[in-house]
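Asker:
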Amino acid sequence: MTYRFRLEIDISLITQIKISIFAPYFTDMQKALIYFALGTAVSFLINYFFLSSDNIGLEFYYAIAFGAAWGIAYYLDTPDFTLPKKLGLSFVVMAILVLIGTLIFKLELAIPSILKFSMVFVAYYVIASFRATKSLRK
1 MTYRFRLEID ISLITQIKIS IFAPYFTDMQ KALIYFALGT AVSFLINYFF
51 LSSDNIGLEF YYAIAFGAAW GIAYYLDTPD FTLPKKLGLS FVVMAILVLI
101 GTLIFKLELA IPSILKFSMV FVAYYVIASF RATKSLRK
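Here full-length UniProt numbering is used: the first residue of the sequence shown is 1, the next is one more, and so on.
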């Protein structure tokens, strides 16, 4: 059983404040940002506490790549985007990750970020392919 609550406060005729309490009222972009933030946080915490690392900045960079993969995959998981467009946008994000990683670190350290991104991105759609709707959103 799902309960949905919505609170609206009408302050004046011009201004209306809407406060959404549960996720069904978030927009797709807000949900994608939540996926990004949670993916980044979970990946960083797992790597920080369970794997030994000398470079926390590098681990945070890899966690951002992990979170970006979940966020982008969720955002593109809609019939509005064709498969070539999904692949093209994922390659653009991977190129941005490599560029940023090369500027901050070295190219050799930036390459694992696209491996993490592509594995998570592909895993999202493999998991979605087992569902009847071919989407994890529904």
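C-beta atoms are modelled at their ideal positions from N, C-alpha and C, and glycine is treated no differently.
1) Could you check how far apart the C-beta atoms of W70 and Y124 are, in whole angstroms? I think they sit under 8 Å.
2) In chain order, which beta strand (DSSP E) runs of at least 3 residues are fully inside the stretch 11–92?
3) Near F50, what residues of its chain come up, given a Cβ to Cβ distance below 7 Å and the 5 sequence neighbours on each side ignored?
4) Do L76 and L89 have their CB atoms nearer than 8 Å?
5) In angstroms with no decimal places, state the Cα-to-Cα distance between L45 and T82.
6) Just how far apart, CA to CA, sit N55 and F105?
7) Nearest-angstrom Cα distance between M94 and Y74?
8) If you measure between the beta carbons of Y62 and P112, is that distance less than 8 Å?
Answerer: Based on what the coordinates show:
1) 7 Å
2) 16–20
3) none
4) yes
5) 34 Å
6) 11 Å
7) 16 Å
8) yes
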